[in-house]
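Residue numbers (the working numbering), protein chains in the order written: chain E, 1 to 113; chain P, 1 to 112. Every residue gets a Cβ at the ideal spot worked out from N, C-alpha and C, and that includes glycine. As the structure is a computational prediction, the values presented were derived from the model and not from experiment. Below is one structure, written out as structure tokens; the observations come after it.
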């Protein structure tokens with residue numbers, strides 16, 4: 001089975017600074033999809049950004065961008081100009097073609113004023 | 001977009017009692033449906049997923065079962081709860097391969 005590893009249980013960053021959250025995955029598939037989800041204290045899961053493995057260009061959504069390294073099986077999330085509302089658990093997710101979708105253990109991010 | 005309804009929001013059940021958590025989906029048809037469990041301070045563990053009515057894939061042997069009696073209904077059940085079944089249960093729905101998953105608000109289950 002595919003595994004998703006987030007090696008940083010907790011991270012903190014000063015407001016307006018930049019932070020990078022790490023994610024690695026293990027798969028023998030060539031076509032798959034990667035996601036970052038945010039879970040604020042409300043526990044509602046919110047999609048932050050997605051990446052198709054066949055696309056070499058890194059996905060970007062406003063202040064959020066990814067560094068997708070397919071050969072290294074790495075998918076890190078960079079948050080620029082961090083805001084207090086970015087405080088949340090962040091989950092990296094992997095999905096292969098048969099719809100099996102798996103998540104990492106999560107990184108708890110705290111943005112400090 | 002899809003709307004996922006999950007209930008109840010919180011549940012306290014004694015050990016050995018049965019469980020039934022329901023998830024229904026609005027705004028889509030023939031979705032892929034998922035049940036995840038999030039233990040305290042941990043990530044999301046995939047329990048079951050379904051690509052269609054009556055089609056259930058189980059990820060880990062456990063005390064739980066799932067059923068999909070209708071296209072947009074996904075039920076998580078147990079005949080006898082264990083203390084280790086405590087956790088936060090999330091239902092998710094996806095439509096299409098490269099689309100995001102939509103999540104319900106979750107059910108916090110405490111087995112006492």
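The beta carbon of residue 101 of chain P lies closer than 6 Å to those of 92, 94 in the same chain, with the five residues before and after it left out. Exclusion of the five residues before and after residue 87 of chain P leaves 37, 38, 39, 109 as the residues of its chain whose Cβ lies within less than 7 Å of its Cβ. Scanning chain P for C-beta atoms nearer than 8 Å to the C-beta of residue 68 of chain E yields nothing, as the closest lies near 14 Å away. For residue 85 of chain E, the three-state secondary structure derived from DSSP is helix. Judged by DSSP secondary structure, residue 26 of chain E falls within the beta strand (DSSP E) whose first and last residues are 24-26. For residue 32 of chain P, a Cβ of chain E is located within less than 8 Å of the residue's own Cβ. Residue 32 of chain P is bridged by DSSP to P:94.
Cβ neighbours of residue 77 of chain P within its own chain (closer than 8 Å, five residues either side excluded): 18, 19, 20, 21, 64, 65, 66, 67. Counting only residues of its own chain and dropping the five nearest sequence neighbours on each side, residue 46 of chain P has a CB closer than 7 Å to the CB of 34, 36, 59. Linking residue 103 of chain E to residue 97 of chain E through their CA atoms gives a straight-line distance of about 15 Å.
In the three-state DSSP reduction, residue 83 of chain P falls in the helix class (H, G or I). For residue 12 of chain P, the nearest beta carbon of chain E is not closer than 8 Å to its own beta carbon. For the 8 Å CB-CB criterion, residue 64 of chain E and residue 44 of chain P do not form a contact. With a 10 Å radius around the Cβ and a threshold of 16 neighbouring Cβ atoms, residue 107 of chain P comes out buried. For the pair residue 8 of chain E and residue 20 of chain E, the Cα-to-Cα distance works out to about 10 Å. Bounds of the beta strand (DSSP E) holding residue 67 of chain E are 64-69. At a cut-off of 8 Å, the C-beta of residue 100 of chain P has a neighbouring C-beta in chain E. Secondary structure at residue 56 of chain E: coil, using DSSP grouped into helix, strand and coil. Its chain contains 48, 49 as the residues whose beta carbon lies nearer than 8 Å to that of residue 61 of chain E, once the 5 sequence neighbours on both sides are disregarded; these appear in chain order.
Sorting P:96, P:103, P:82, P:104 by C-alpha distance to the C-alpha of residue 12 of chain P places P:82 at the top. Linking residue 62 of chain P to residue 6 of chain P through their CA atoms gives a straight-line distance of about 21 Å. When Cβ-Cβ separations below 8 Å define contact, residue 25 of chain P makes no contact with chain E.
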